[in-house]
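One structure below.
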Amino acid sequence: MYRFLLTPRWWVINVFTLLAIPVCLFMGSWQLSRFETRVNTHNQQQDEASAERKAAARPLGDLLPVTAKTSGERATATGRYDTAHQLLVPDRRLDGRDGFYVLTLLRVDEGKDGARGEGEDAAEDGAKALPVVRGWLPGDADDPAATAKVPAPPSGEVTVTGALQASEHQGGDGVSASGGLPRGQLGMISAASLVNLVPYQVYDAWVTSAEAPGALKPVPPTAAEGTGLDIKAFQNLGYTGEWFVFAGFVVFMWFRLFRREAETARDLALGITPPEPTAPTAPGADPSPDDAERTRSPSATA
């Protein structure tokens, strides 16, 4: 019954199946190993970044410009808070609650942080300021009761230590770039958003302070863009599943062909043969004698 397996046609099918299955399994295993390698590399980079964040704070000038490597590192800057330009950043969530950031501009001292500090005229001497998120408060930034809890920034020279962050951009989490905010509020923490609000230059970066005074809560740093698990890792995982599915499909198709061939051979062995198909007659053609005989009416043969 199974002698059909020795026919040339089935030799080709069997050889193809025996070669396709290990190839699919090998490719699936290779894609899985690529996924695991990318995950391990990502975890190693995260561990290194975490260790750098726990390291001693470095001067602001040593960490600029902000990159994926320096983002989140501890930075220190010395200067004076500009109490006239304290801003609230609304619609920011922390621990599952709605609230707002309290942002104050720190006029950085050149001698200690590699940037121009307090001068006679900020617009003329080219001094820059560092946006510092001093903390987070729950509530609505438009609610006077909530904003009344905002502590005033300290006067005099201060040293701020916190996590360095890259400027926000439209589409970021919690960022509002639509405009129309009340005076004293800021939708996006970036130099481009602050350039028209203050009479001096602003660093293209900001710091979230590690210590929050009064009722404020420290804002944890966010991960820099491009530091998450690479999309290619998920592509490798998807290809892994596809190759294993291909291997199963090859087995399924071989079994299906084998069963159909075996059933046909069994029917032939039992003398059960399907009727031979008859060719259809073309329109307008004269029927064959056999067809004419079958279709002749009884009256015509009487």
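Per our numbering, the very first residue in the sequence shown carries number 69; after that it's consecutive. Note that beta-carbon positions come from the ideal geometry of N, C-alpha and C, so glycine has one too.
Which stretch, first to last residue, makes up the beta strand (DSSP E) that contains residue i?
| i | result |
| --- | --- |
| residue 233 | 225 to 234 |
| residue 146 | 142 to 149 |
| residue 277 | 273 to 277 |
| residue 165 | 165 to 176 |
| residue 160 | 155 to 162 |
Which residues mark the beginning and the end of the alpha helix (DSSP H) in which residue i is found?
| i | result |
| --- | --- |
| residue 199 | Per DSSP, residue 199 belongs to no alpha helix (DSSP H); it is in the beta strand (DSSP E), 196 to 206. |
| residue 306 | 299 to 337 |
| residue 212 | 212 to 215 |
| residue 130 | 128 to 131 |
| residue 262 | 259 to 262 |
Kindly indicate which residue of the options has the alpha-carbon position closest to the one of residue i.
| i | options | result |
| --- | --- | --- |
| residue 145 | 277, 170, 256 | 277 |
| residue 218 | 252, 261, 338 | 252 |
| residue 208 | 201, 248, 220, 166 | 166 |
| residue 124 | 268, 231, 333 | 231 |
| residue 281 | 267, 324, 171 | 171 |
| residue 206 | 226, 248, 160 | 160 |
| residue 288 | 162, 215, 152 | 162 |
| residue 285 | 226, 321, 169 | 169 |
| residue 211 | 154, 84, 158 | 158 |
| residue 81 | 319, 97, 98 | 319 |
| residue 220 | 156, 267, 329, 103 | 156 |
| residue 321 | 265, 131, 88, 133 | 88 |
| residue 141 | 268, 328, 229 | 229 |
| residue 300 | 224, 283, 107 | 107 |
| residue 238 | 70, 254, 85 | 254 |
| residue 225 | 151, 248, 331, 111 | 151 |
| residue 279 | 327, 214, 85, 201 | 201 |
Quick one: is residue i buried, meaning 16 or more other Cβ sit within 10 Å of its Cβ, or exposed?
| i | result |
| --- | --- |
| residue 315 | buried |
| residue 204 | buried |
| residue 109 | exposed |
| residue 233 | buried |
| residue 216 | exposed |
| residue 336 | exposed |
| residue 74 | exposed |
| residue 138 | buried |
| residue 131 | buried |
| residue 323 | exposed |
| residue 317 | exposed |
| residue 103 | buried |
By Cβ distance, which residues of its chain are closer than 6 Å to residue i, with the 5 residues on each side in sequence left out?
| i | result |
| --- | --- |
| residue 271 | 196, 198 |
| residue 100 | 308 |
| residue 274 | 199, 233, 257 |
| residue 154 | 172 |
| residue 243 | 236, 256 |
| residue 365 | With a pLDDT of only 46 at residue 365, under the threshold of 50, the placement of this residue in the model should not be trusted; the figure read from the coordinates follows. Answer for residue 365: no residue qualifies. |
| residue 262 | 270 |
| residue 133 | none |
Using C-beta distances below 7 Å, list every residue in its chain close to residue i, excluding the 5 sequence neighbours before and after it, in chain order.
| i | result |
| --- | --- |
| residue 222 | 149 |
| residue 83 | none |
| residue 290 | 233 |
Skipping 5 residues on each side, what residues in its chain have a beta carbon closer than 8 Å to that of residue i?
| i | result |
| --- | --- |
| residue 260 | 235 |
| residue 78 | 72, 329 |
| residue 76 | none |
Worksheet item: Do three or more CB pairs link the segment 92 to 102 to the segment 303 to 318 at distances below 8 Å?
Response: yes
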